[in-house]
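Worksheet: the structure to be examined is printed underneath.
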Amino acid sequence: MTSLNSDWLIEAKSLTKNYGPHVALDNVDIQLPHGSIGLLGPNGAGKSTLIKTLLGLIQITSGEGKVLGHDVRTEGDAIRSKIGYMAEYDTLNPDLNAVDQVRYSGELLGMSTAVANQRTHEVMEYVGLRDQRYRKIGTFSTGMQQSAKLACAIIHDPELLIVDEPSNGLDQEHRGFMLDTLFNIVRDGGRSILMSSHLMDDVQIVCDRVIMIHKGRVVVHRRIEDLARQIDREIEISVWGGASKMEQELKDAGLTVRRLGRIMRVLREDESTVDTILGCAAKASVQIRQMEEYEPSLEDLFLLIMDKLGYGTRSASELLNSNPNSRIIGDGSIGGTSI
Amino acid sequence: MNELPEESPSEAPSEVSPSVQESANSLGVTRMEAAFGSGDGDENAFAAVSQGQVEVGTIFNRVYRPWRGKLGPRWVRNYAIYRHHVYGMITSKGHRYYHPFIRLAVLFILISSMSTLGFLILGSLIGEPEIMRPFGLNRNNIYAKILGFFPRNALWWPLLTALVIGGMISEDRAHGTSAIYFSRPINRLDYAVMKYLSVASILGGVILLTYVSYYSLAIVVEGHGWAYLFDSFPLFISGLGISILLIITYTSIGMALSAVSKGKFFPAVGFLSIILGTKLVAFLIDSLFERSIVYILSPYDNLAYLGQIVMGINPGYDHPIAFSAVSLLAMNVISLYVISVRVNSLEVTRE
């Protein structure tokens, strides 16, 4: 008898997966709403195990989980019928034409040949492979192969698309196209995405929510903008001429400033900070060529959180001498889960 | 100049703990450096204005089209796997790609193995008994249609199997295409069974077609009546059973070899080595020491011995038939076990 509510996109309660003595997922409690979600974590954190669990491919050790209302323990087939999965590594047969590969992936879902054929042409156009669809996959560039993998994943218009490192190996142009495509699937298609990536910028572009996994536990689960609010806001200015004088004026005005050449970051204390900065610029007779509120990127947040988790940014002696309580992120409210 | 000055602790109210704020002060430094360089900012200001970036137009609008169709049940998915692999042998367009050489070779084997039919027709037309003796319908010739060593089991059937099984599972491991299967509602049993049936069907298409064609044509061209048909039918069924056993055994061994490798070459060469190598070793030992027991290591000889017993032909082996039967069973069981273990190890996500 499950105690989970089926309205969530993904829901897990005390989900645990052990591989022998190794705990891959440790009491994972998550409730993810429909939308775009980034899945972050260092190597070995448990991301792949979580994905396999959500696909219903492995038996969990204890706890319960649901994806799109289906139990991960018993309804793997139903889950995989509604999910599109785009793997990180090569999953395409280089000897097949792209159109045949995509159609076959649709047939493997249970589509008839005629339906799969029609749908193949639609999705291949959508992922930008309309003119290359009759080429052998072995002749494709990395970007085209990624697009073909995406076409295979979305041929049945899945309710949830799980993508693993979608921009892996792509140049800037293809990366932008891929991220744009994924974003549009959420925005225009109304579909949900769970995106695992090491590139924080990618996650930030596509996703509005992140979960971070560390040693099999979900340490952060929040909207990205909510996470960003947890960190001090700064105003970044670019000063031309007399930067040192400007810095001194800002300090004299009681503002906290850090400077790198002509770039300065001023701690935003209240609404009047901008006026104060402009006043200082007038006094110092310098030009402010650019002023913007600097929002910490997801990468900043990730590094900060990983730093708090003791991930490589502190020396061993610091870690040994540190108070165990200092490993709690903030007041424990960032992820709702303290470690 | 490029180093950040010492910071004083923030006095601004914040929702987060001091430990978070301390780390926040070091955020974004790399981005600042990368974006704006490392000048000190006190030099004379000047600006170089470059031409604005020209907007590139979009030639068509990409529209995400939803699909609300209904997916077929399990048998539809399984049939898709079967069809993909079997139809590929006839036309690679839209199905599994078999190299043209492989398809030509299979066609050559089919034609060659059916060459007997030509001699049968020729012999019946000219009424030459010397032609009819090796090709006419009798117990020994029915046996030889399937289990005769040369050319069928020395050449055609092993070669046919080697050509078909190469890459059947191994390429899914090599190319990662196993993820295409297992990220869909296809379980590993269905995957393995459908691949197995695909190979068995292709082998059966050649071996059984040859056998059934021979028997049917021989009945017709030799002008036998219904009585002969009824008399010889049990023999035909025995041959059919042995043919199916041969197909199962060769498919099991071939698929197991394909499951343990990552290419086409090893399974193909490995299969030929097992079938012909064990036969050769057993033959040499039997010739030198007059011990036929080593033949239980040879899949072909086990099948041949079983076929001789079932079809009532004088056996060419000295050891008990039970040894060969058990050996044949063990070969199939071990092969199926290897297939199941290796298919279970196919990955969907890479760790």
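Keeping their order, the protein sequence lines are chains A and F.
In this text, residue positions in the first sequence follow the working numbering: the first is 553, and each later residue adds one.
In this text, residue positions in the second sequence follow the working numbering: the first is 1209, and each later residue adds one.
Heads up, the beta-carbon is just placed ideally off N, CA and C, and yes, glycines get one too.
Everything numeric in this text was worked out from a predicted model, so none of it was measured.
Practice problem: Label residue 1556/F either buried or exposed according to how many other C-beta atoms from any shown protein chain fall within 10 Å of its C-beta, with 16 as the threshold for buried. | Solution: On the second sequence, residue 1556/F is found 348 positions in, with the first residue counted as 1. Answer is buried; the Cβ neighbour count reaches 16.
Self-check item: Residues bridged to residue 746/A (per DSSP)
Solution: Taking the first sequence and counting its residues from 1, the one referred to as residue 746/A is at position 194. Within the DSSP secondary-structure output, residue 746/A pairs in a beta bridge with 589/A and 714/A.
Exercise. Taking residue 1283/F as part of the alpha helix (DSSP H), name the residues at either end of that continuous run.
Key: Residue mapping note: residue 1283/F aligns to position 75 of the second sequence, counting from 1. The continuous alpha helix (DSSP H) containing residue 1283/F extends over residues 1282-1298.
Exercise. Using the Cα positions of residue 668/A and residue 662/A, report the straight-line distance between them to the nearest angstrom.
Key: Position 116 of the first sequence, counted from the start, is the residue given in the question as residue 668/A. Position 110 of the first sequence, counted from the start, is the residue given in the question as residue 662/A. CA-to-CA, the gap between residue 668/A and residue 662/A works out to about 9 Å.
Practice problem: Please say whether residue 582/A and residue 540/A have beta carbons closer to each other than 8 Å? | Solution: Not covered by the structure: residue 540/A. The range shown for chain A is 553 to 891.
Quiz item: In the structure shown, what three-state DSSP assignment does residue 1430/F receive?
Solution: Start at 1 with the first residue of the second sequence, and residue 1430/F comes out as number 222. Coil.
Practice problem: Consider the Cβ of residue 1393/F: report whether some Cβ of chain A lies at a distance smaller than 8 Å. | Solution: Locating residue 1393/F in the second sequence gives position 185, where the first residue counts as 1. Yes, because at least one Cβ of chain A sits closer than 8 Å to the Cβ of residue 1393/F.
Exercise. Answer yes or no: does any C-beta atom of chain F fall closer than 8 Å to that of residue 827/A?
Key: Sequence index remark: in the first sequence, residue 827/A carries index 275 (1-based). No, no contact with chain F.
Quiz prompt | C-beta atoms of residue 763/A and residue 770/A nearer than 8 Å | solution = On the first sequence, position 211 is the one that residue 763/A refers to. On the first sequence, position 218 is the one that residue 770/A refers to. Yes, they are a contact pair.
Quiz item: Which of helix, strand or coil does DSSP assign to residue 581/A?
Solution: Along the first sequence, one-based indexing puts residue 581/A at 29. Note: residue 581/A maps to strand in three-state DSSP.
Exercise. Note down, in chain order, all residues in the stretch 833-853 of chain A with a beta-carbon under 7 Å from any beta-carbon belonging to chain F.
Key: Cβ contacts with chain F: 839, 846, 848 and 852.
Quiz item: Which bits of chain F does residue 704/A rub up against, with CB to CB less than 8 Å?
Solution: For the purposes of this step, residue 704/A is taken as the residue at position 152 of the first sequence. Against chain F, the beta carbon of residue 704/A has neighbours under 8 Å at 1388, listed in chain order.
Practice problem: Sort 660/A, 655/A and 613/A by Cα distance to residue 1290/F and report the nearest one. | Solution: Residue mapping note: residue 1290/F aligns to position 82 of the second sequence, counting from 1. Residue 660/A holds the alpha-carbon nearest to the alpha-carbon of residue 1290/F among 660/A, 655/A and 613/A.
Quiz item: residue 708/A CB to nearest chain F CB: under 8 Å?
Solution: What you label residue 708/A is simply residue 156 of the first sequence in a count that begins at 1. Residue 708/A counts as touching chain F.
Quiz prompt | Short CB-CB distance (under 8 Å) between residue 1299/F and chain A | solution = As a first step, residue 1299/F must be located in the second sequence, where it is residue number 91. Answer no: the Cβ-Cβ gap between residue 1299/F and chain A never drops below 8 Å.
Quiz item: Based on Cα-Cα distance, which residue from 1363/F, 1416/F, 1513/F and 1442/F lies nearest to residue 1484/F?
Solution: Numbered from 1 along the second sequence, position 276 holds the residue referred to as residue 1484/F. That would be 1363/F, whose Cα lies nearest to the Cα of residue 1484/F.
Exercise. Would you grab the beta carbon distance between residue 1374/F and residue 1473/F for me? Rounded to a whole angstrom, and I think it's under 8 Å.
Key: On the second sequence, position 166 is the one that residue 1374/F refers to. On the second sequence, position 265 is the one that residue 1473/F refers to. Sure, about 7 Å apart at Cβ, within 8 Å.
Quiz item: Buried or exposed: which applies to residue 1365/F, given that a residue is buried once 16 or more other Cβ atoms fall within 10 Å of its Cβ?
Solution: To locate residue 1365/F, count along the second sequence from 1; it is residue 157. Label assigned to residue 1365/F: buried.
Exercise. Starting from residue 812/A, follow its DSSP beta bridges and name the residues at the other end.
Key: As a first step, residue 812/A must be located in the first sequence, where it is residue number 260. Beta-bridge partners assigned by DSSP to residue 812/A: 815/A.
Practice problem: Tell me whether the beta-carbon of residue 1296/F lies closer than 8 Å to the beta-carbon of residue 1306/F. | Solution: Against the second sequence, residue 1296/F aligns to sequence position 88. Against the second sequence, residue 1306/F aligns to sequence position 98. Their beta carbons are under 8 Å apart, which means residue 1296/F touches residue 1306/F by this criterion.
Self-check item: Top-ranked residue by Cα proximity to residue 518/A, from 856/A, 797/A and 592/A
Solution: Residue 518/A falls outside the range modelled here, since chain A spans only 553 to 891, and no answer is possible.
Quiz item: Quick one: is residue 755/A near chain F, going by C-beta distance under 8 Å?
Solution: By one-based count along the first sequence, residue 755/A stands at place 203. Cβ-Cβ to chain F under 8 Å: no for residue 755/A.
Quiz item: Could you give the residue range of the alpha helix (DSSP H) that holds residue 1335/F?
Solution: On the second sequence, residue 1335/F is found 127 positions in, with the first residue counted as 1. Where residue 1335/F is concerned, there is no enclosing alpha helix (DSSP H), because DSSP gives it neither an H nor an E.
Practice problem: Just mark residue 1554/F as buried or exposed, buried being the case when its beta carbon has 16 or more other beta carbons within 10 Å. | Solution: By 1-based counting over the second sequence, the position of residue 1554/F is 346. Residue 1554/F should be labelled buried.
Quiz item: Mind checking residue 1361/F: buried by the 16 CB within 10 Å criterion, or exposed?
Solution: On the second sequence, position 153 is the one that residue 1361/F refers to. In the assembly as shown, residue 1361/F is a buried residue. Its beta-carbon has 16 or more other beta-carbons within 10 Å.
Exercise. Measure from the alpha carbon of residue 759/A to the alpha carbon of each residue in 842/A, 683/A and 586/A, then state which is nearest.
Key: Along the first sequence, read from residue 1 onward, the residue named residue 759/A stands at position 207. Each of 842/A, 683/A and 586/A was checked against the Cα of residue 759/A, and the nearest Cα belongs to 586/A.
Quiz prompt | Buried/exposed call for residue 792/A, threshold 16 Cβ in 10 Å | solution = Reading the first sequence from its first residue, position 240 is the one you call residue 792/A. Residue burial is scored here from C-beta neighbours: residue 792/A has at least 16 other C-beta atoms within 10 angstroms and is therefore classed as buried.
Quiz item: So what does residue 793/A bridge to, in DSSP terms?
Solution: Locating residue 793/A in the first sequence gives position 241, where the first residue counts as 1. According to DSSP, which records beta bridges pairwise, residue 793/A is partnered with nothing at all.
Quiz item: Secondary structure at residue 1230/F, three-state DSSP: helix, strand or coil?
Solution: Here residue 1230/F corresponds to residue number 22 of the second sequence, with the count starting at 1. For residue 1230/F, the predicted structure reports a pLDDT of 48, less than 50, and the residue's modelled location is therefore unreliable. The matter cannot be settled from this model.
Quiz item: Mind pulling the chain F residues with CB within less than 8 Å of residue 569/A?
Solution: For this step, residue 569/A is matched to residue 17 along the first sequence. Those do not exist, as residue 569/A stays about 13 Å from chain F at its closest Cβ, beyond 8 Å.
Quiz item: How would you write the range of the alpha helix (DSSP H) that residue 694/A sits in, first residue to last?
Solution: Locating residue 694/A in the first sequence gives position 142, counting from the first residue. It spans 694-706 - the alpha helix (DSSP H) in which residue 694/A sits, taken as one unbroken run.
Quiz item: Going by the CB atoms, is the gap between residue 857/A and residue 829/A shorter than 8 Å?
Solution: As a working note, residue 829/A is residue 277 in the first sequence. As a working note, residue 857/A is residue 305 in the first sequence. Taking 8 Å as the Cβ cut-off, residue 829/A and residue 857/A do not qualify as a contacting pair.
Quiz item: Quick one, which of 1468/F, 1459/F, 1466/F and 1298/F has its alpha-carbon nearest residue 1536/F's?
Solution: Position 328 of the second sequence holds residue 1536/F. Taking residue 1536/F as reference, the option from 1468/F, 1459/F, 1466/F and 1298/F with the minimal CA-CA separation is 1459/F.
Quiz prompt | Whole-angstrom C-beta distance between residue 644/A and residue 724/A, which should lie under 8 Å | solution = Residue numbering aside, residue 724/A sits at position 172 when the first sequence is read from its first letter. Residue numbering aside, residue 644/A sits at position 92 when the first sequence is read from its first letter. That pair is no contact at about 23 Å.
Self-check item: Euclidean distance between Cα positions of residue 1545/F and residue 1505/F
Solution: Locating residue 1545/F in the second sequence gives position 337, counting from the first residue. Locating residue 1505/F in the second sequence gives position 297, counting from the first residue. Here the alpha carbon of residue 1545/F sits roughly 18 Å from the alpha carbon of residue 1505/F.
Practice problem: Leaving aside the five residues before and after residue 1541/F along the sequence, list all residues of the same chain whose C-beta is less than 7 Å from its C-beta, in chain order. | Solution: Reading the second sequence from its first residue, position 333 is the one you call residue 1541/F. Closer than 7 Å at the Cβ level, and outside the excluded window around residue 1541/F, lies no residue.
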